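Numbering (our numbering), first residue to last: 33 to 619.
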């Protein structure tokens, strides 16, 4: 049997899906978290499909079309409609549309605890009678409250539904009149203190004079927590532990091994992977900060604040979500643009998203700033992130000016969730899920590419050799000539940038292999402070990894992807050239 899980964005639908199926999906406070349907198994013969979060079935956005086509073509045995108990007025519009399909349906009123805090009392029996379907109340954050719906689903047997009291031929205005009638009959409310608290906070956070200073302070604090107060010190401790304790033990164990085996393990595996692992505290710190802001309700408000700013380059505030996501990884950020109703918005966004520095670039930035700018690393990092944002603004304005769409201010409607304090356990769980997927990628991809780079750096057509006679030296020497005007015209830099096209995590791992020594000691003998800034700018702006390019190709084809690739290479080269020469003039 096949059941469809459907509801508005932000109703806790994906959380319920996780509990029922044991799957792990992203949960957020904004539309577009679940862009495509996800499938899970409740039992061997019950399949649960998590459809995109939508407000209606009017077939305007991609997510609405996905849900509508599924319901029309797949004919599920049961619709599980998840609603936000504290906002039935908005949620019931979709419910009344779903009734039109004549598919058996059950309502799950989630966040019942929030409704109770807001002094909302729902008479589920009356609602069930009116709509002629079973109604459950749950708190998705507590697994034990899901047991009733879980038992119902497992024991459900398809039945022929009887006609409800809802007239299926009504217009949107008439549907809202129907909703008002349902609420009068089934819901009793009294004045809520919680709503007043959110309004009080919003009077400060969204204040015309205070909102942007608060926004800047919050994101500055994220940088300080990540790089100075928590993540940075923990990263230094972990790095010292690996280099001073773990590596010497491995060297002793391999003291009697052949040079090839010793080089393979130390240079091909240990140096590459351990360098990345040492940055775990930094990336985890950033994920924790962003997860907290996302779930407390601030990220949604920051998108509202930036809506007018986003209009400058032809986008609505909705584009802020993918842009923010791209600081973690560009691939899901591109997928999140599927929620855009306007195709031109999507194309502009996809051109801008790779300019945002993904988390895979962060270890490269940290390595070089710790070496050359240890006392000013926050300033250098802020410069890199600010540069990417400024360039995105400039390019966005240019693209918007020459696009075929009008320049009228984009409409942007977003429900602001009430402020809430997410539990520490939830924040840690979500952050660890994100970091685990990040390091699973590192564990598989970096190991394989490091072995390939090690082989190329230690062999030629005649067999095992020194690195100066290797395949890699020949490749890097040829490419390095291109980068002489940028200040890093040596073969190791060229090889690391090629490896970065596979995945940006490989830049450092390839350096660990090609330099064949402690990077913090060897890099200053090749780079200067000027060339290091130039190199970091190039890494920031040049062509994204294969995963991103594959995603772009899937969305818009090979021509669009080639244009994106060439434009970013030219942009990276031009800006790096300017930065290298300007810094040489300044100091």
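In this text, a Cβ means the ideal position worked out from N, Cα and C, and glycines have one as well.
Only a predicted model underlies this, so the values are computations on that prediction, with no experimental measurement involved.
Quick check on residue i: buried or exposed, where buried means 16 or more other Cβ atoms within 10 Å of its Cβ?
i           : result
residue 265 : exposed
residue 524 : buried
residue 333 : buried
residue 221 : exposed
residue 619 : exposed
residue 450 : buried
residue 610 : exposed
residue 50  : buried
residue 253 : exposed
residue 355 : buried
residue 45  : buried
residue 217 : exposed
residue 94  : buried
residue 77  : exposed
residue 245 : exposed
residue 353 : buried
residue 494 : exposed
residue 540 : buried
residue 104 : exposed
residue 14  : Absent from the model: residue 14. The displayed extent of the chain is 33 to 619, so no value can be given.
residue 439 : Residue placement at residue 439 cannot be trusted, given a pLDDT of 49 that sits under 50; what the coordinates show is reported in the next sentence. By the 10 Å Cβ count, residue 439 comes out exposed.
residue 291 : exposed
By how many angstroms is the C-alpha of residue j removed from the C-alpha of residue i?
i           : j           : result
residue 108 : residue 492 : 60 Å
residue 459 : residue 187 : 34 Å
residue 80  : residue 379 : 33 Å
residue 271 : residue 456 : 27 Å
residue 535 : residue 570 : 15 Å
residue 274 : residue 113 : 51 Å
residue 560 : residue 242 : 41 Å
residue 22  : residue 71  : No statement about residue 22 is possible, as the shown extent of the chain runs from 33 to 619 and does not include it.
residue 43  : residue 558 : 54 Å
residue 52  : residue 34  : 14 Å
residue 411 : residue 326 : 25 Å
residue 12  : residue 338 : No answer is possible for residue 12: the residues shown for the chain start at 33 and end at 619.
residue 601 : residue 313 : 31 Å
residue 102 : residue 37  : 11 Å
residue 507 : residue 515 : 14 Å
residue 464 : residue 454 : 15 Å
residue 163 : residue 127 : 9 Å
residue 417 : residue 361 : 15 Å
residue 328 : residue 230 : 11 Å
residue 404 : residue 125 : 58 Å
residue 485 : residue 300 : 8 Å
residue 60  : residue 452 : In this predicted model, residue 60 has a pLDDT of only 41, less than 50, meaning its place in the structure is not dependable enough to derive any value.
residue 414 : residue 279 : 33 Å
residue 140 : residue 255 : 40 Å
residue 251 : residue 190 : 51 Å
residue 147 : residue 132 : 28 Å
Rank the options by C-alpha distance to the C-alpha of residue i and give the top, closest one.
i           : options               : result
residue 123 : 39, 414 and 381       : 39
residue 318 : 260, 295 and 401      : 260
residue 340 : 425, 362, 284 and 306 : 425
residue 129 : 111, 119, 554 and 145 : 111
residue 208 : 178, 120 and 284      : 120
residue 480 : 495, 531 and 434      : 531
residue 323 : 466, 203, 365 and 542 : 466
residue 84  : 99, 305, 352 and 278  : 99
residue 603 : 502, 542, 563 and 427 : 427
residue 501 : 488, 511, 513 and 512 : 488
residue 233 : 204, 434, 330 and 305 : 330
residue 166 : 348, 136, 408 and 590 : 136
residue 343 : 433, 556 and 419      : 433
residue 74  : 90, 54, 306 and 117   : 54
residue 468 : 289, 316 and 138      : 316
residue 626 : 96, 158, 170 and 89   : Nothing in the structure corresponds to residue 626, since the chain is present only between 33 and 619.
Could you pull the DSSP bridge partners for residue i from this structure?
i           : result
residue 505 : Residue 505 is not bridged to any residue.
residue 114 : 39 and 140
residue 34  : 79
residue 492 : 495
residue 219 : 154
residue 167 : 139
residue 71  : 81
> With a cut-off of 8 Å, do at least 3 Cβ pairs link the region 519-539 to the region 372-386?
Replying inline: no
>> For the region 382-395 against the region 588-606, do three or more pairs of beta-carbon atoms, one drawn from each stretch, fall closer than 8 Å, so that the two count as touching?
In response: Result yes; three or more Cβ-Cβ pairs closer than 8 Å.
> Counting pairs of Cβ atoms below 8 Å between the region 135-155 and the region 230-247, do you hit three or more?
Replying inline: no
> Is the number of C-beta pairs between the region 580-590 and the region 540-550 that are closer than 8 Å three or more?
Replying inline: Under the 8 Å Cβ criterion, the region 580-590 does not count as touching the region 540-550, having fewer than three qualifying pairs.
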